[in-house]
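Going by the UniProt record's numbering, the letters in the sequence shown line up with residues 1 to 136, in that order.
Backbone N, C-alpha and C define an ideal beta-carbon position, used for all residues, glycine too.
Everything below concerns the one structure shown next.
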Amino acid sequence: MSARGKARRRALDILFEAELRGEDPLRILGERVERQEPPVNEYTSTIVEGVARHHVRIDELITTYAEGWTLDRMPAVDRNLLRGGTYELLWMPGVPEGVVISEWVHLAGELSTDESPQFVNGLLARFKQLKPSLTL
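This is the structure:
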């Protein structure tokens with residue numbers, strides 16, 4: 001797995017843990033940075049901080065475009081995969097869009113249900129397509 005792939009997975013771990021504990025992901029991130037076991041990559045911090053900063057808009061987009069699914073019905077890991085992928089896709093223009101989608105879909109395949117990779121791929125691909133028209 002690439003360094004950024006590991007950073008994405010670590011960001012997902014932090015986002016998922018924060019949701020399960022009902023805590024601010026920035027607080028969990030701060031704990032991990034302080035503990036340094038394992039060390040937190042700067043790219044991990046960027047993703048977690050970006051998701052926290054744009055959380056309302058990201059969830060609004062997911063809710064709007066996830067046809068037939070509410071956020072509450074999605075597995076928690078899928079919600080957080082989509083949050084990380086949506087942030088990276090829409091707010092990090094220097095990262096190739098195809099790589100972003102591929103990496104988050106790969107994580108979905110490793111960590112979620114059999115249907116999750118297709119679901120994550122479809123939604124992130126839709127955001128890529130709509131990106132020029134989305135108000136961020």
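Using 10 angstroms around the beta-carbon of residue i, count the other beta-carbons present and answer buried if the total reaches 16, otherwise exposed.
i, result
"Asp78", "buried"
"Ser133", "exposed"
"Ser2", "exposed"
"Leu130", "exposed"
"Leu82", "buried"
"Leu20", "exposed"
"Arg32", "buried"
"Arg8", "buried"
Quick one: give me the first and last residue of the alpha helix (DSSP H) that residue i is part of.
i, result
"Asn121", "116-130"
"Thr64", "55-65"
"Asp13", "3-21"
"Glu97", "97-111"
"Val77", "76-91"
"Gly30", "25-35"
Rounded to whole angstroms, what is the Cα-Cα separation between residue i and residue j?
i, j, result
"Leu15", "Ile28", "8 Å"
"Val100", "Thr46", "14 Å"
"Glu97", "His106", "14 Å"
"Trp91", "Ser116", "23 Å"
"Phe127", "Glu60", "12 Å"
"residue 167", "Ala125", "With the chain covering 1 to 136 only, the question about residue 167 has no answer from this structure."
Determine whether the Cβ of residue i lies closer than 8 Å to any Cβ atom of chain D.
i, result
"Phe16", "Given the protein chain composition of this structure (a single chain), no chain D is represented."
**OP:** Tell me, please, whether the stretch 115-130 touches the stretch 73-91 by the rule of three or more beta-carbon pairs shorter than 8 Å.
**Re:** yes
Original post:
Between the stretch 53-67 and the stretch 84-92, do at least 3 Cβ pairs fall closer than 8 Å?
Top reply: yes
Original post:
Is the stretch 63-77 in contact with the stretch 23-43, if contact means three or more CB pairs nearer than 8 Å?
Top reply: no
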